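Residue numbers (the numbering used here): 34 to 431. Every residue gets a Cβ at the ideal spot worked out from N, C-alpha and C, and that includes glycine. Quantities reported herein were computed from a predicted structural model and do not represent experimental measurements. The next block holds one structure in the form of structure tokens; read it before the comments.
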């Protein structure tokens, strides 16, 4: 189904990331795991192979929504079901999405997201606070996949695709050459992708999941929100500019455009270095050298900075109103947060982003940048516990 490499087009103040000859990312429900499987005994292995092929062809990632567990899953013994979940963790680029946590999900870090209106409690809450899964605030029954996209309706889930993503630092919005640079580049890339995908489908008669043109959209990924706020940017004005830009791109390409936050650390670094290297006007929002020239992912402080949790989970209301899916807040903490501490944090977050805790037992995610390394977990501020919890000192352990 093609290579996993990413094509990247860099313009002044924007990056366009796509796959070489097809969609960049996508999602589907678990029902398709039952399709075309000849025998119960071969089903787990063949289904895993299908997922590996699909995720391997989408450099932006693939989301598997566990909405209709396949029949052969219940017939497996408990050990085999746990082994199935463990095997999924080894599929690069695959993320799982649930509305209820499976009972046989193994412990340990897992690329999974729980979609519920309120923060998880009980066994699911323990898994969330231990960092084994993330939590996505569910709104109106719609599926909203962090860093991927969102469904347009709350009814039966259909496979969805993202042609590519346009990464934009908020500080550069008012300076973008939309008509002369951004729109022509997106249009040319989209035309090439349409032709390449037609050739690919004509040759690959054994595609793991049928591609549907009308289910494919583009994505705008916003980053640098922390730098934008630090430079006293106007959120309402910027949100309106993003909304208008999405409308123009959608009309030009005749495809939906999803707007969300971006957790791409490499994209933030590339755009920050571009601003400094070329002396662009929005470089003034970046931290002064010798600090690394990099835009923070999404709207909060960089997850690698030992900033207060509320700063790292920041999501201004003006931007939340235009987002189709929430930004990701990776919250590294010195120990597993207590339930009361997590509740206290959420009371101050209106609205809340998609939250994933990173206690010290879990390694921080890559890629690892030597110019901006992850500090030890002990230096991160801890969420306050209104029921008697104590905030550890930065000097504990010395």
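Mark residue i as exposed unless 16 or more other C-beta atoms lie within 10 angstroms of its C-beta, in which case mark it buried.
i: residue 36; result: Its pLDDT being 45, under 50, residue 36 is placed unreliably by the model, and nothing is read from it.
i: residue 310; result: exposed
i: residue 51; result: buried
i: residue 321; result: exposed
i: residue 48; result: buried
i: residue 58; result: buried
i: residue 360; result: buried
i: residue 169; result: buried
i: residue 401; result: exposed
i: residue 140; result: exposed
i: residue 416; result: buried
Could you please give the first and the last residue of the uninterrupted beta strand (DSSP E) stretch that includes residue i?
i: residue 372; result: Element bounds for residue 372: not the beta strand (DSSP E) but the alpha helix (DSSP H), 372-380.
i: residue 389; result: 387-391
i: residue 196; result: 193-202
i: residue 157; result: Careful: residue 157 lies outside any beta strand (DSSP E), inside the alpha helix (DSSP H) at 155-162.
i: residue 129; result: 127-131
Check the Cβ-Cβ distances between residue i and every residue of chain D, and say whether any is below 8 Å.
i: residue 230; result: No chain D is present in this structure, which holds just one protein chain.
Alpha carbon to alpha carbon, how far is residue i from residue j?
i: residue 280; j: residue 374; result: 40 Å
i: residue 226; j: residue 181; result: 18 Å
i: residue 132; j: residue 323; result: 45 Å
i: residue 348; j: residue 77; result: 40 Å
i: residue 254; j: residue 331; result: 8 Å
i: residue 205; j: residue 46; result: 6 Å
i: residue 466; j: residue 267; result: This structure cannot speak to residue 466, because the chain is shown only from 34 to 431.
i: residue 413; j: residue 376; result: 18 Å
i: residue 379; j: residue 229; result: 45 Å
i: residue 293; j: residue 355; result: 8 Å
i: residue 285; j: residue 278; result: 11 Å
i: residue 358; j: residue 112; result: 35 Å
i: residue 82; j: residue 339; result: 40 Å
i: residue 137; j: residue 107; result: 11 Å
From the DSSP output, in three-state form, read off residue i for me.
i: residue 413; result: coil
i: residue 342; result: helix
i: residue 311; result: coil
i: residue 47; result: strand
i: residue 148; result: strand
i: residue 361; result: strand
i: residue 303; result: helix
i: residue 248; result: helix
i: residue 97; result: strand
i: residue 67; result: helix
i: residue 258; result: helix
i: residue 167; result: strand
i: residue 208; result: helix
i: residue 402; result: strand
Taking the continuous alpha helix (DSSP H) assigned at residue i, which residues delimit it?
i: residue 222; result: 216-236
i: residue 107; result: 104-108
i: residue 275; result: 268-286
i: residue 77; result: 76-89
i: residue 176; result: Element bounds for residue 176: n/a, residue is neither H nor E.
Between which residues of its own chain and residue i is the CB-CB distance below 8 Å, once the five residues before and five after are set aside?
i: residue 156; result: 134
i: residue 306; result: 326, 327
Short of 7 Å in beta carbon distance, which residues of its chain neighbour residue i, apart from the five on each side in sequence? Order them along the chain.
i: residue 345; result: 333, 334, 336, 362, 364
i: residue 44; result: 214, 215, 218
i: residue 353; result: 384
Who are the near neighbours of residue i in its chain, counting only those whose CB is closer than 6 Å to its CB and skipping five residues on each side?
i: residue 144; result: 128
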